[in-house]
Amino acid sequence: MLNQVMFFLFGAMIVIFSLLTVTSRKVLRAAVYLLFVLISTAGLYFALNYNFLAAVQLTVYAGGIVVLIIFSILLTSHVSEKAAMAPVKQSVLSALSVGAGAILTLMTILRFTFVPNPGTDPQYNITDVGNALISYKRDGYALPFEVISVLLLAAMIGAIVVAKKERIKK
Amino acid sequence: MNFNDFLTMRHELMLTLLALVVLIIDLNLHNRHKHYIIPITLGLFFVNLLVGFIPEGSNTLFGGMYRTNPLLIMMKNILNIGVFIILLQSVTWLKKEENREKISEYFILLFSTLIGMNFMISSGDFLMFYLGLELATIPVAALAAYTHHQTKSAEAGIKLILSSALSSGILLFGISMIYGSTGSIYFDTITKVYANTPLQLLAFIFFFSGMSFKISLVPFHLWTADVYEGAPINVTSYLSVISKGAAAFILIIVMFTVFSSLAAVYKNILYLIAVLTMTVGNLFAMRQKNMKRFLAFSSIAQAGFILLGILGGNVMGMTSVIYFVLVYIFSNLGAFGVVSAISTVTGKESMDDYDGLYRTNPKLSLLMMLSLFSLAGIPPVAGFFGKFFLFASAASGGYYWLVFIAVLNATISLYYYLLVVKAMFINKNETPLAFFKSDLATRAGLLIAGLGIFFLGFWAKVYEIISSLSYGIMQ
Amino acid sequence: MLTVGAIMLTKDLKQARLASAIGMGIQLIMAAVLIYLYLAERSAGNTAAMLFTYDVVWFPTLNIHYSLGVDGISVAMIGLTGVVVFAGVFASWQMEYLPREFFISLIILATGVYGFFISLDLFTMFLFYEVAVIPMYILIGIWGSGPKEYSAMKLTLMLMAGSALLLVGLLGIYFFSNPDTNHLTFSIMEISKVNIPIGMQRFLFPFTFIGFGILGALFPFHTWSPDGHASAPTAVSMLHAGVLMKLGGYGAFRVAIFLMPEAAHEQAWIFLILTSISVVYGAFSAIVQTDLKYINAYSSVSHCGLVLFAVLMMNQTAMNGAIIQMISHGLMTALFFALIGMIYGRTHTRIIGEMGGLMKVIPFLGVVYVIAGLASLGLPGFSGFVAEMTIFIGSYQHTDVFHRVITIVAASSIVITAVYILRVVGILLLGPIKDHHFLELTDAKWYERISTISLVLAITAIGMAPLWLSNMINFSLAPIVERLSSIQITSLF
Amino acid sequence: MADYTYTLLIPLIPFFVFLLLGLQGHKMKPFIAGLIGTSGLGIGAILSYATAFRYFVSEHVAGTGYTSIKAFEVTWLHLTDKLTINLGVLIDPISVMMLVVITTVSLMVHIYSIGYMKGDPGFYRFFSFLSLFSFSMLGLVLATNIFQMYIFWELVGVSSFLLIGYYYEKPSAVAASKKAFIVTRFADLGFLIGILMLSFTTGTFDFQTLTNPAGPAIASKGGAVFMGMSLLAWSLILIFVGGAGKSAMFPLHIWLPDAMEGPTPVSALIHAATMVVAGVYLVARLFPVYALGAPDALHVVAWVGGFSSIFAAVIACTQTDIKRILAFSTMSQIGYMMLSLGVSGFGGEEGLGFMASNFHLFTHAMFKALLFLGAGAVIHAVHTNEITGMGGLRKYMPFTHITFLIACITIAGIPPFSAFFSKDEILVAAFHSNKLLFAIEFIVAGLTAFYMFRLYYGIFWGKDRHYHHTPHEAPYVMTVPLMVLAFGSIFAGFLPFHNLVTSDGLPLETHTEWMIAIPSVLIGLLGIIIATVMYKSETAIPDKVAGTLKHLYKWAHRKFYMDEVYLFVTRKIIYRYISEPIAWFDRHIIDGTMNGIAGVTQYTSVAIKEFQSGKLQQYGYVFISGTVILVLIFVYLF
Amino acid sequence: MIQNIPLSYYLVISTLMFFIGIYGFLTRRNLITMLMSVELILNSVNINFVAFNRYLYPQQLQGHFFTLIVVAVAAAESAVAIAIIINIYRNFKSVDVENVDEMKY
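Protein chains in written order, with the working numbering: chain A, 1 to 170; chain B, 171 to 645; chain C, 646 to 1138; chain D, 1139 to 1776; chain E, 1777 to 1881.
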């Protein structure tokens, strides 16, 4: 029961704050709504018993990305500034397209019967996650783990290249 | 892991190492000496290129996440060659004062994307695939925004990163559905269980949209022209040649393995997309005056031709796609190389500036003409063979009308390629671009491209090797 | 063995015109030697369909060969090419603007043509076809006159569209060349031994035939021809009308009809109607043109229409006529264009109304022009007569009434031809001199004489003694016609 | 049978002369060139006479008459298994006769031309063309098969074209040569189609096979029937169209008067004596096929001939250009010959017309050449063609006067001059065949006498005109040929033609039918008398007559507006309503379509450029919509 | 908790979120909010992965790790994107997407 309540709470929060994120006229508020969405998602992960993931979600997403975003918002616009909204035509067209997409996708998904893998439901703890992360056997994720480091390095350098001021040019 | 495994992953590891070496050297160099990085890097990359050719059999690592075989190595080598040419061609540009401080970053970013592509090609599951894809994209966005003082460059960067984020979101949604419906992210497992159900088809379409974005197929291509125009010329050639080639490689692998059970359906999709892509690409290319934008649209149209090979759905199709990409790399780099050389020296990128080029810079004009003819598929240069084999493989699948449409499109493409030829050779100009002499690296880059354009076609061995390798994979 | 010659010639870089003259001279001699050797072989009793074959596997997996060889027909065409190219080089002796590039392009064009005629493999054939087409753009675009860019573009695009059709046809043939054993081939000789499924033939034949037909100026796909010819420089017009358009006829015959006989029989009537329209229509159009080159271009449409027309008749005599007509028209029209170029070089106009009485001032060119004209309107003693008569008689031997009636329609073109030829001769050469500037014109230079005389000699040689040529072609035609006639013919009416 | 291979030389000598003069003539002195041409022809003439003599004397076989001999033959082009084009020499009575005619007239003309063309800058050219013509004409008559005939037929046409257009700087000459060529070419198309049909039905070109009464051509009776006549008949009619073109039969005669723009010797040779009778020769050559295979076709020949003869005679009465009068006279006389062939049957008495026709051909060649050469001498003297510009010349040019008078009397059919005999035979033949045709010919005989004497009086009688310089007699090199021909005109009638040239090769017994001969002579005399009254001295009678018959006169004077009709057809119909629309159609519709395709492509290119708006969100929108549409189509619609 | 709540609920939520994100991407004018929309999209995909993993194939942690990687990638992507956005701001003095249309047609 509690589970259900939590699920519906988080679910509702996700949908509502998502909507608010994309409709709010104030950019900063949108960022905050996004934060709520991400936190709710983390809640869902918790509820699904993926604690490590939830923690990562909270730290990286909520803690990292959103802060970054808020930072840049503060850098590029005034707090009180109202975001310009798209023209009606664009909104309606987008809504139509997106709505059609959503309906089609939902129809398709809901019609599909997902077959669970037979077998037990092993409860992973954080050690298992850690082991999997450095395993290079099947269902081990050492390689992606290494590669993501390259990616992060590259992203860092990329961000620096893009953002750094040029000394020579006036 | 043992030494052999390292050897197996040499393309990726060497590159990573290379990127780190560059970084370290860069940190230890005085600002005035930054340009020493260029020859060092070129040399190292050349070593890497050579090492890539060490023969190596098939292998699987990381429990199937990473796999390799001679064909994949071949693909990587092809990309390496392309990158090497691009590096050569970008030397002049990098030496410019404004880029002085960012030389090493350029290399590192370029190498990381290449690492990403290599991983993507070698990926044995969707996770590595996705990771490789992102690694191949995100740094490029930074590269696109490389030139600060140009608004166009920044615009290219934002357009690339945002639309690629959107596309990878959609792609990911598709992957998630694939995962949900099959229970695995490993290609080998999915191949066995994938079925033609609505959801799986939908997942495929989402996935395919995301991939189409990377190889810029209509209607997922719209970012291409803007980004190509805005990005620095060498990044543009990288995007149009290497990124696209890698994406085409992985697409054909995935199509032929993972989604082979959907073949009946996806061929219809490909048919539609191919026609759209060729036609729209050509129609847009016709009007372009900016050479980069022009080549962008031409490369969109070229992407449409690649689909013809996939439609063939057999060894021939696979071979022809790889062969075509190889030829395309050389041809496009020939064209981009010339544009780059001119643009770097004179800053001129408009087609009108090319009027009367032959009188002042005959060699560049000739190379440009050859490249364009190769792109248009005119014998005896290599492009003809590439296109011919693509058409042949589509015809082998019975798609005669598609071949017809494609060749008609090739004719339209010939029209606009000839416009450039016309500008260079026929149009009179009171003040053509002055004669200039490019530096050694640029000339080497152009020369390699030119040689490739000329000899790849006649040299049937290349095709045969690819064919035999593909044969090994397809069976 | 000929490609060696052809490739050897592409390396002329210095002293371009001398080199190309020598090169093309050698080529001409080689062509003559080839004809001689060919006849010697034949008289020695060698009855293989193709002689001097040379075959290397190029792309083994696709079974693409680089396969060359000649039979009587291609030998004849090579002879034609040799003469025309030779004359063309001399006709453009005075090229001033970028001469080196000009001759290189010209020779690439010639290489393509030679290659096309000696190819026994559809792939190489197609390759050479395109090799021959593309230099046209450059040649017309750079050295042309008038709306040259437009014409060059139009010509190239239309021919390329033709090759689009062609490619579909060729690929189709390839994939049905050996459906049972899965041993696909591009080789013409091998494909000719199998029967492509009739359904497929029906589909592919129009592609192939129209593909070649565009190059052969088949109505209504001929409009590239007048503009292209009008804008092209002299030598290019010569080569183009003289040789390149023959690729169409040759290909239509060698590929479309030879390899897909059933469909050819079934669909011939459509194309017969189109070609006979070409014949008459081209001639009528030529009557009212005022530009010399347009007149000749439309006349080419008419004459080349006759080639395709005869090919479609699919009996030995008519096909023989078609091939002689190709050669004959090649020579005549090359001569015409050479003369037009020379006259234009002197008077700086091609509008016939602005000229007159030129016979008086440039008698040599005038006389040759009259000879060319008479040859063109099918006067006995010149090659045109031989060709046309062979075609008409051959076509008229057809058992089907439709074919005979349409032959009469096509034959009526000879009158119209006479009308426009005489109109030009009358206005251009005869009558009083229109412009006193013309009085200062000089007659042909030595290189111009070489150019024209070599063509005139070829025309009269064929016209006077056609038997050896006809026999040579007949010998090679026989197996082809045999294959065609083995098909069950269902009459249309 | 004797060996006649040497006859090959008769056409070949002029050919080599042509090549020699054509290529090297400009380096020669004019007189040398003329001499070479003339001597070439002279040798030909001697050979011809020798051949004729040998043939007619030694080849006669009792019972079967003269056989035809293939003296030489070589395959020129191999067409089908059955059809080959051969070149060769066929010797039989008519070809031998033609040899004699051609070489004689040609030789005379050559000699004459040395004087006539003196001082002309294109002297060598003229002689080379003359040689070319002689070659072609001789090749034509010696043809062994119909296709060889066609080949030389065309060559004759072109040499005629070259000679008519000899004065190429004169626009009227150029136009005339063009007209001649195109009209005959049009007729040749009929000839060609006829050959095609004939070869299709019979499977041969060879004359000997074709004309063999037992051969396939005749025996088959022509195969399928089309529009009431057999295919054979149709093919023969078409072949006759070719002949009609060359022989200037109505309605293909319009080139002949204009052809008089050529030098007068040319008119004498080509447009009077030789080429124009090629049509007659053609029909004569194929006569057995006509007569036995398709009599229908022969009727056509007869009526066309008959109509042409009266048509031309009427016009001739009103013309003022002396050469044109002669031209129409020629047309009229050839009409006679055609008619004669047309009313003839094959063999025996029936074949009278055939014999008469050839006979008339022979005599006509003599006197008409004479007339033309005489006219040439006159023109040479007074530098005008117009009869109104002449008069009283008899005292200045006695030789010319006498020979011309002889010719006029001959043509009027007054015995014992040659044409009396030949014309008489024709009238007899016509009388026995068709009374209407006979009536026509009878009237024509009168008209002929009338207009010839009108011409004669106009030139040689009447008042002196104001000449630029006093006319003088032509030099001997010109008058000698006149005399030779006059001799021929007078005495040719006594040749035993009926024994030599007959339809089946057997001798034919003829006798003068006085019931026909006398009226014909009378009407000839009547014509002469009327002409004498009207034209001997200038009177007002001609004008009055013309006034009375105003419309007829005007129509006839304008040649019944045939030229205008042709002009209308060519200029208006072909040029304006066929060619120009086609050219327009080509430029605008077909080419327009091609350009239109390009235009549409361009337009589309511009039209869709808004997709590339530069707006990131729109790109995203297209992206998403694309995906959604793909899903919609392929997941839900398929 | 998975006993009481069907998988499809998760999927509905994630799909809705996905399309809301797309909608946001298509309509928000501010580049940063567009980036936020992208985060929504990625997040919805993550939910998918996690839910599938948990509900259907709990034996392996494939979805789990996929999510993990996607989160990391999203971070990298955001970093670069924000750097570029700031660059845009410098160049255009605006972060409105409508203004970033210098190149077109």
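From the three backbone atoms N, C-alpha and C, an ideal C-beta is built for every residue, glycine too.
#1: Use the C-beta contact count for D/Ser1310: other C-beta atoms within 10 angstroms, 16 or more gives buried, fewer gives exposed.
#2: If you follow the alpha helix (DSSP H) that D/Ile1207 is in, where does it begin and where does it stop?
#3: Could you check whether the Cβ of B/Ser711 sits closer than 9 Å to any Cβ belonging to chain A?
#4: From D/Gln1286, D/Tyr1254 and D/Leu1173, pick the residue whose C-alpha is nearest to that of D/Pro1613; which is it?
#5: For D/Phe1588 versus D/Ile1668, is the C-beta distance shorter than 9 Å?
#6: Alpha carbon to alpha carbon, how far is B/Tyr585 from D/Ala1736? Give it in angstroms, no decimals.
#7: Where does D/Asp1326 land, buried or exposed, given buried means 16+ other C-beta within 10 angstroms?
#8: Tell whether a beta-carbon distance below 9 Å holds between B/Asn646 and B/Leu527.
#9: Taking its Cβ as the centre, do 16 or more other Cβ atoms sit within 10 Å of D/Arg1709, making it buried, or is it exposed?
#10: Between D/Leu1293 and the rest of its own chain, which residues show a CB-CB distance below 6 Å, the 5 nearest in sequence each way excluded?
#11: So which residues on chain D does C/Ala1056 lean against when the C-beta distance must stay under 7 Å?
#12: Would you decide whether C/Leu784 is buried or exposed? Buried here means 16 or more other CB atoms lie within 10 Å of its CB.
#13: Do B/Ile420 and B/Met381 count as a contact pair if the criterion is CB distance below 9 Å?
#14: Could you give the DSSP three-state label for C/Leu707: helix, strand or coil?
#15: Below 8 Å CB to CB, which residues in the same chain sit around B/Lys459 once its five sequence neighbours on both sides are set aside?
#16: Check whether the segment 381 to 390 of chain B and the segment 333 to 351 of chain B touch, using three or more Cβ-Cβ pairs below 8 Å as the test.
#17: Are the CB atoms of D/Gly1671 and D/Leu1575 nearer to each other than 9 Å?
#18: I want to verify the contact list: residues of chain D whose CB lies under 7 Å from the CB of A/Ser97, in sequence order.
#19: Could you tell me whether the Cβ atoms of D/Ser1385 and D/Ile1333 are closer together than 9 Å?
#20: For D/Glu1524, which residues does DSSP report across the bridge?
#21: According to DSSP, simplified to helix, strand and coil, what is C/Met653?
#22: Taking all protein chains shown into account, decide if C/Ile652 is buried (16 or more other Cβ within 10 angstroms of its Cβ) or exposed.
#23: Taking Cβ positions, are B/Ser282 and A/Leu151 nearer each other than 9 Å?
#24: Which one or two residues does DSSP pair with A/Lys26 in a beta bridge?
#25: Would you decide whether C/Met1109 is buried or exposed? Buried here means 16 or more other CB atoms lie within 10 Å of its CB.
#26: Where does the unbroken alpha helix (DSSP H) through E/Val1876 begin, and where does it stop?
#27: So what does B/Arg237 bridge to, in DSSP terms?
#28: Could you give the first and the last residue of the continuous alpha helix (DSSP H) run that contains E/Asn1806?
#29: By the 9 Å beta-carbon criterion, what residues does the segment 1800 to 1831 of chain E contribute toward chain D?
#30: Report the three-state DSSP secondary structure of C/Thr1044 (helix, strand or coil).
#31: Alpha carbons only, please: which of B/Met245, B/Phe454, B/Gly507 and B/Tyr587 is nearest the one belonging to C/Met798?
#32: Taking only runs of the alpha helix (DSSP H) that begin and end inside the segment 48 to 122 of chain A, which ones reach a length of at least 4 residues, in chain order?
Inspection of the coordinates gives the following:
#1: The residue is exposed, with fewer than 16 neighbouring Cβ atoms inside 10 Å.
#2: Counted as a single uninterrupted DSSP element, the stretch harbouring D/Ile1207 is not any alpha helix (DSSP H) but the beta strand (DSSP E) occupying residues Ile1207 to His1216.
#3: This structure gives no information on residue 711 of chain B, because the portion of chain B shown stretches from 171 to 645.
#4: D/Tyr1254
#5: For the pair D/Phe1588 and D/Ile1668, the CB atoms are nearer than the 9 Å cut-off.
#6: 10 Å
#7: buried
#8: Residue numbering for chain B in the displayed model covers 171 to 645; residue 646 of chain B lies beyond these limits and cannot be assessed.
#9: exposed
#10: Ser1274
#11: Leu1327, Leu1330 and Ile1331
#12: buried
#13: yes
#14: helix
#15: Ser520, Met521 and Asp522
#16: yes
#17: First, the residue type needs correcting, since residue 1671 of chain D is Val and not Gly in the sequence shown. Against a cut-off of 9 Å, the Cβ pair of D/Leu1575 and D/Val1671 comes out as no contact.
#18: Tyr1759, Ile1762, Ser1763 and Val1766
#19: no
#20: BP columns for D/Glu1524 point to D/Asp1459.
#21: In this prediction, C/Met653 has a pLDDT of 44, which is less than 50 and means its spatial position is unreliable; what the coordinates show is noted afterwards. Helix at C/Met653.
#22: Per-residue confidence for C/Ile652 stands at a pLDDT of 45, beneath the threshold of 50, marking its modelled position as unreliable; the derived number appears in the next sentence. Using a 10 angstroms sphere on the CB of C/Ile652, the tally of other CB atoms stays under 16, which defines it as exposed.
#23: yes
#24: A/Lys26 is bridged by DSSP to A/Lys82.
#25: exposed
#26: Where E/Val1876 is concerned, there is no enclosing alpha helix (DSSP H), given that its DSSP letter is neither H nor E.
#27: B/Thr230
#28: Premise fails: E/Asn1806 is in no alpha helix (DSSP H) and is neither H nor E.
#29: Phe1801, Leu1802, Thr1803, Arg1804, Arg1805, Leu1807 and Met1810
#30: Reduced to three states, the DSSP call for C/Thr1044 is coil.
#31: B/Tyr587
#32: Counting only runs of 4 or more, we get 51 to 56, 66 to 76 and 88 to 111.
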